[in-house]
Amino acid sequence: MKIRPAEAADLPAFFVYLDDHLRDNGADGTPLFQPLSRAQSQLPPGLKASFVDGLAISVGEPRWRRLWLALDARGSIAGHVDLRARPEPGARHRAMLGMGVHRAYRRRGLGAQLLATAIDWARQQDGLKWVDLEVLAENHPAVALYLRAGFAMTARIEDMLEIDGVSHDLSYMRYRLR
3 MKIRPAEAAD
13 LPAFFVYLDD
23 HLRDNGADGT
33 PLFQPLSRAQ
43 SQLPPGLKAS
53 FVDGLAISVG
63 EPRWRRLWLA
73 LDARGSIAGH
83 VDLRARPEPG
93 ARHRAMLGMG
103 VHRAYRRRGL
113 GAQLLATAID
123 WARQQDGLKW
133 VDLEVLAENH
143 PAVALYLRAG
153 FAMTARIEDM
163 LEIDGVSHDL
173 SYMRYRLR
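First residue of the sequence shown: 3, per our numbering; consecutive thereafter.
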């Protein structure tokens, strides 16, 4: 598996991968991994724009984003990880993490490799001190992965989200870079 930074030319294939990935959200025993209705299996347009725009913005500036893709032997996307600016002006020393692994590559260590790639990159960035993430609390495989990678649980908010008429807790986690 090869993990490399994404470029603007990768985004059309990445969006197809994400739409396919979202079809697994809460389906067939898979826990919800995105705070979206199970019926919503396409990436919201605003999120697409945030990837397109964010890749061109310098780290440290509002709305920056960086994305890495894991490619299998055929060059297909097997997983991704992204870091992005927090929206709060006083939180430029922190980044938000998002990630996903294609259903065919789960439980093989790819998630840990993707996390290590993003964290190693973040450690090299002047000014970044923390990586934060939000995860649906019942997504036990993801929570366990983040804990193994060194993330610490910061908070768990009960009934933070209602998705498809069901209450969900949201966990906040953080990783200290320095």
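Ideal placement from N, C-alpha and C gives every residue a C-beta, glycine not left out.
An exposed status is given to GLN42, since fewer than 16 other beta-carbon atoms sit within 10 Å of its beta-carbon. When the alpha-carbon of ALA51 is set against those of SER60, TRP66, LEU71, ARG40, the nearest one is in TRP66. The residue among VAL61, PHE153, PRO89, GLY28 with its C-alpha nearest the C-alpha of ALA114 is PHE153. In this structure, the beta-carbon distance from LEU130 to LEU179 falls below 9 Å. Around the Cβ of ASP26, a 10 Å sphere holds 16 or more other Cβ atoms; the residue is buried. A residue is called buried when at least 16 other Cβ atoms come within 10 angstroms of its Cβ; HIS82 meets this threshold and is buried. Note on ASP84: 16 or more other CB atoms within 10 angstroms of its CB, so buried under the neighbour-count rule. Annotated as proximal: MET175 and GLU136, with beta-carbon spacing under 9 Å. Counting only runs that start and end inside the stretch 56-102, the beta strand (DSSP E) elements of at least 3 residues fall at 67-73, 79-87. Counting only runs that start and end inside the stretch 116-155, the beta strand (DSSP E) elements of at least 3 residues fall at 132-138. Under the DSSP assignment, HIS170 falls in the beta strand (DSSP E) whose first and last residues are 168-178.
For ASP161, the secondary structure class from DSSP, reduced to helix, strand or coil, is strand.
The continuous alpha helix (DSSP H) containing PRO14 extends over residues 13-24.
About 6 Å separates the Cβ atoms of ALA80 and MET3, confirming a contact at the 8 Å cut-off. One Cα belongs to LEU69, the other to SER169, and the distance between them is close to 31 Å. Across the set ILE59, GLY77, PRO33, ASP30, the C-alpha of GLY77 shows the shortest separation from the C-alpha of TYR19.
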